[in-house]
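What follows is a set of notes on a single structure, which appears directly below.
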Amino acid sequence: MINDKMYELGTKKSTIRTIFEFGRKRAAEVGEENIYDFSLGNPNVPTPQFIKDAIIDILNTMEPTAVHGYTVAPGNPQVRETLAKSINERFGTNFAGKNLFITAGAAAAITISFKALCETHDEFITFAPYFPEYKCFVESVGGKLIVVPAQIPDFQINFDEFEKAINIHTKAVIINSPNNPSGAVYSEETITILSDILRKKSEEFNHPIFIISDEPYREISYDIDVPYVPKYYDNTLVCYSYSKSFSLPGERIGYIVVPDEVADFGKIYGSIAGAARVLTHVNAPSLWQLVIAKCAGKPSDISIYRHNAELLYNGLIDAGFTCNKPQGAFYLFPKCLEDDDYAFCERAKKYDLLLVPGKDFGCPGYFRAAYCIKTDTIERSLPLFKKLAAEYK
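Counting in my numbering, the sequence shown tops out at residue 399, every number present.
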């Protein structure tokens, strides 16, 4: 009568959402100020004033039909040209509007890319720890997700395990840097080695293997350069979102970059357009296309995230946790104080500390703490982390 797989996806919430909803119920019992919810990666930095100014200017000066009407499916041509120019200025690339496809955020961008590339028996490889939704996105288009185990402790790529996983069915490799949940940034050396392996394997298997670079956290990096992957590997699709950089997660606006250098550019771009069509992606929101064009190249304020990262990292280290210092994004990924990360996160609830088990990210024995929350909440949580840690001594 129904698609059982879709029913399962629609009725079985993710662990992150389940913990978040538990927090809402618990807050009603004990008060919002007594809940230390590190579960959800929802930006707490206010949307920049220049975004508000851009919206008001657009609404006051442009014809309503131009603001709210359909655009062509790949996005407003002038918007794409503006964004391409901004990318070129930042990264020394040579893109034009024809290299961009505007999407409703990064989730749409990566799902459209999966759909565009996926053929029967295709596999997509990613590296733990990874964003859990990759699995349902890949499976929804008929592909299979292969997860390479994490490289501990630096969370770069485990190349020995990667070379075991790659095979003739590998269509693409999904990377996410800065990484959710580890906060790691893939180094230039990591990207170079990955690119070299993929060039060799593409030649060996006689078909291109793509990189899908999922980049919603690109602007949130701390004193470290984030390599721009198309400069290292031709067959790269970049999936970007303004959700984190401009604190716009609810507005759903982003893009796919398809470089001229990808194998058979015309077919790839056309397949992306076709995938967007069958996924009912008529066009990305028209107003928000205009807004991001008007704000292209403007800086992101990451000072709050930087401060929160330092505060939480130092507090957890002081409490006895083992954790890599985050290089980007807005997550810490410490090692649990027992092997069972689900049991550890359940114990943390006793102190109203809401944490996400690492197993959900393909990395058991760790937990994720999103520090895109109020600084005061982090400060008040630190004594509770010490009490939690004391139970294991």
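Glycine included, every Cβ here is placed at the ideal spot set by N, Cα and C. Keep in mind the model is a prediction, meaning the values are calculated, not measured.
Cβ neighbours of residue i in the same chain (closer than 7 Å, five flanking residues each side left out)
{"i": "A376", "result": "F44, S45, L46, G47, F336, Y337"}
{"i": "F211", "result": "I174"}
{"i": "I118", "result": "T109, I262, I278, A281, A282, L285, H287"}
{"i": "H313", "result": "T381"}
{"i": "Y238", "result": "I197, T198, S201"}
Proximity winner among the options, relative to residue i (alpha-carbon distances)
{"i": "A134", "options": "I379, T99, G364, L390", "result": "G364"}
{"i": "A110", "options": "G334, G256, A90", "result": "G256"}
{"i": "D220", "options": "G276, I181, V85", "result": "I181"}
{"i": "D270", "options": "K250, T242, G368, D358", "result": "T242"}
{"i": "D307", "options": "L361, G326, S251, K355", "result": "S251"}
{"i": "S387", "options": "I22, L317, W294, S20", "result": "L317"}
{"i": "E385", "options": "T24, A112, L359, E209", "result": "L359"}
Euclidean distance between Cα positions of residue i and residue j
{"i": "E87", "j": "D266", "result": "15 Å"}
{"i": "E35", "j": "N320", "result": "30 Å"}
{"i": "H74", "j": "V235", "result": "34 Å"}
{"i": "V51", "j": "K206", "result": "43 Å"}
{"i": "F101", "j": "P54", "result": "27 Å"}
{"i": "V154", "j": "S292", "result": "38 Å"}
{"i": "I116", "j": "G276", "result": "16 Å"}
{"i": "G103", "j": "Q84", "result": "8 Å"}
{"i": "I8", "j": "E14", "result": "11 Å"}
{"i": "S92", "j": "I298", "result": "11 Å"}
{"i": "C124", "j": "A114", "result": "15 Å"}
{"i": "E95", "j": "R30", "result": "44 Å"}
{"i": "T99", "j": "A90", "result": "9 Å"}
{"i": "S193", "j": "V78", "result": "37 Å"}
Cut-off 8 Å between Cβ atoms - residues of its own chain near residue i, not counting five sequence neighbours on either side
{"i": "T126", "result": "G148"}
{"i": "F143", "result": "A113, I116, T117, F120"}
{"i": "Y76", "result": "V288, N289, S292"}
{"i": "I226", "result": "P184, K250, S251, S306, I308, Y311, G334, A335, F336"}
{"i": "G303", "result": "S92, E95, R96"}
Contact set for residue i: own chain, Cβ-Cβ below 6 Å, skip 5 residues either direction
{"i": "I152", "result": "E129, I131, A171"}
{"i": "F107", "result": "P80, I262, I278"}
{"i": "D369", "result": "As written in the sequence, residue 369 is Cys, which differs from the Asp given in the question. Taken in chain order, the residues that qualify are A134, P135, A156."}
{"i": "A33", "result": "I41"}
{"i": "R224", "result": "V232"}
{"i": "L254", "result": "Y248"}
{"i": "G326", "result": "A395"}
Distance CB(residue i)-CB(residue j) smaller than 9 Å
{"i": "P49", "j": "S249", "result": "yes"}
{"i": "A178", "j": "I215", "result": "yes"}
{"i": "K11", "j": "E139", "result": "no"}
{"i": "Q333", "j": "Y228", "result": "yes"}
{"i": "Y311", "j": "F339", "result": "no"}
{"i": "F367", "j": "P187", "result": "yes"}
{"i": "M68", "j": "L296", "result": "yes"}
Alpha helix (DSSP H) runs wholly inside the segment 264-307, at least 4 long, in chain order: 271-284, 292-300
Length-filtered (3 minimum) beta strand (DSSP E) runs lying within the segment 213-268: 216-220, 242-247, 260-263
Continuous beta strand (DSSP E) assignments of at least 3 residues falling wholly in the segment 33-113: 106-109
Ordered list of beta strand (DSSP E) runs contained in the segment 147-204, each at least 3 residues: 150-154, 176-182
Whole alpha helix (DSSP H) elements within the segment 345-371, 4-residue minimum: 347-354
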